[in-house]
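In terms of this note's numbering, the sequence shown opens at residue 20 and continues consecutively.
I have placed the structure first, in the form of structure tokens, so that the comments after it can refer back to it.
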Amino acid sequence: MGDRRIIPRARDLTWVAAEPDDRPARHSESGPLRGCEHAESWRSACAQERDRGAAHDGQRGIVSDVTGATAGTGRLLQRLRKEAGLSLLRLAELTHYNKGHLSKVENGRKPMSIQLAQVCDQVLDTRGALTEHACATAARSRDDRLPLAQLPAAPRRLHGRTRAMARLERLLLGRSGAPGGVPVVCVDGMPGAGKTALALRCAHAVAHRFPDGTLFANLCGDERPLEPGDVLGSFLRALGVHSDRIPDDQQERAAMYRSLLSGRSVLVVLDNAMASAQVRPLLPGSDGCAVVVTSRQQLSGLLVSPAQATRLTLSPLATPDAVDLLRSVIGDQRADAEPTALAGVAMRCGSVPLALRIAAVWLAAHPRLSIADFNRYLKVDTGRLALLCAGDDEMQAIQGTLPEQRGRAESRRSSCSGCRDCASANGGGPEPLAEAR
Ligand SMILES: Nc1ncnc2c1ncn2[C@@H]1O[C@H](COP(=O)(O)OP(=O)(O)OP(=O)(O)O)[C@@H](O)[C@H]1O
Ligand SMILES: [Mg+2]
């Protein structure tokens, strides 16, 4: 099976595959062969080519759907040209296309543009046979393209967050109606607050409102932040641009990305952003699109820049939701047996979803441990929860999640950022002011 990612949409074929010589200097208004006796034979030729193309495509998968169909249109052109008694050179003269280019089209090495098909139809008087074939090929490549559906799975259940979900949905679907007005929502909050979970749940819920699909990138936070140029490269490939057509320059990549999204309706999810500068080049400029960004930081730059993003800050869960989360993992029976101790665990987890899940999974793995004993264990040192983490990722995420550690982190942030509002509501302080430009 070929690599389906390299298949461009039909209309991208013009961008990706068109060469300068695939443009006529001028068009012939009327075909010199109009009325010739061969004109009736095109229908059967056309049908045969379609049949051959279909058999061919069925054997070799999606990539060959395009190349096979391209070859099919080329073979049809060659056949009709020969039936008209024209040499390639004569066809080139009559159509004002380059002979070398026509030869490549006939051999299936270049796709036939709709424009060329129209001119050849006129010259060969084929009543639109080539145009019909070229359009069908283009439509087929559009139908067969890999759907743009990059969202990872979302958690099956979110506890609480009903209002946050509704607000995020409203913001994403609330088209401003202004040309180029793309809704951008920054979901921020402390590590493990459930930013990614919320963004993905919401993105899946509204994905059907973005008929051209979804793009997703994990920008990797501040551990090893991805360069916007690299993200653009993978987005462009997902949009069907062949690797060797992707410009080196980041600005050119961004321009190509915006061009390809123009007129399309795509939802873009940018998870775990480190700074506004990392996100800005990834914003589409087409009003049918929308963007959700998640970050541990407050991305002030996006809030004040032309993108005018809206901020949605996630706080810890309300206590009943936090207890519900624990209950959903350890089961009703155990939760009902020790409700007070369970509320104590929720409190020691700061009602932060990541900490809650770690505690719950650990409790579930130790069915004979009493919740009260576990609560006492956490009480000695809240940081002990970090020791229960399953892996490095969780270890890192849990840093600063628990109440004790968060207090320390917040006082550090508020003293350096000077913004107490953000530091108290949010795990991350605002970006330096320079970012806001
Ligand atoms: N409301 C919720 N209900 C149940 N589980 C949740 C909820 N929110 C998050 N979770 C779970 O908590 C864990 C952490 O959530 P998530 O990864 O979304 O946090 P985050 O804020 O994106 O963390 P980070 O800052 O590390 O990116 C995940 O296992 C997620 O499924
Ligand atoms: Mg996340």
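Beta carbons are placed, not taken as given, at the ideal position from N, Cα and C, and that holds for glycine.
So what does residue i bridge to, in DSSP terms?
i	result
Leu333	Gly208
Thr233	Ala168, Leu286
Thr181	DSSP lists no partner for Thr181.
Ser314	Asp207, Ala292
Ala136	According to DSSP, Ala136 bridges with nothing at all.
Ala309	Leu286
Using a threshold of 9 angstroms, state whether the C-beta atoms of residue i and residue j are closer than that.
i	j	result
Leu333	Ala236	no
Leu190	Thr329	yes
Phe326	Arg283	Looking at the sequence itself, residue 326 is Ala, so the reference to Phe does not match. Going by C-beta atoms, Ala326 is not nearer than 9 angstroms to Arg283.
Thr114	Cys139	yes
Lys398	Asp290	no
Ala296	Gly320	yes
Leu167	Leu258	yes
Leu143	Arg100	yes
Ala337	Leu375	no
Leu255	Ala292	no
Arg220	Leu177	yes
Gln137	Leu121	no
Pro244	Leu301	no
Ala212	Pro335	yes
Leu192	Ala309	yes
Could you check if residue i belongs to the surroundings of ligand 2, using beta carbon to heavy atom distance under 8 angstroms?
i	result
Thr332	no
Asp290	yes
Thr114	no
Thr313	yes
Say yes only if the C-beta of residue i is nearer than 8 angstroms to one or more non-hydrogen atoms of ligand 1, and no if none qualify.
i	result
Asp340	yes
Arg176	yes
Met209	yes
Gly369	no
Leu345	no
Pro300	no
Ala212	yes
Ala216	yes
Gly240	yes
Gly350	no
Pro386	no
Pro171	no
Leu321	no
Leu95	no
Gly248	no
Pro372	yes
Thinking residue i and residue j are a contact (beta carbons under 8 angstroms), I'd like their distance in whole angstroms, please.
i	j	result
Val201	Ser278	About 15 angstroms separates the two Cβ atoms, so there is no contact after all.
Gly93	Val124	5 angstroms
Val203	Val312	7 angstroms
Pro303	Val287	6 angstroms
Val364	Ala384	Wrong, their Cβ atoms sit about 14 angstroms apart, outside the cutoff.
Cys205	Leu331	7 angstroms
Arg315	Pro210	6 angstroms
Met131	Ala153	5 angstroms
Verify the CB distance criterion: does residue i have a CB-CB separation below 9 angstroms to chain B?
i	result
Arg346	The structure shown contains no chain B; it holds only a single protein chain.
Check your understanding: Below 8 angstroms, can you find three or more Cβ-Cβ pairs linking the stretch 229-243 to the stretch 344-351?
Key -> With a cut-off of 8 angstroms, the stretch 344-351 and the stretch 229-243 do not count as touching, because too few Cβ pairs lie within range.
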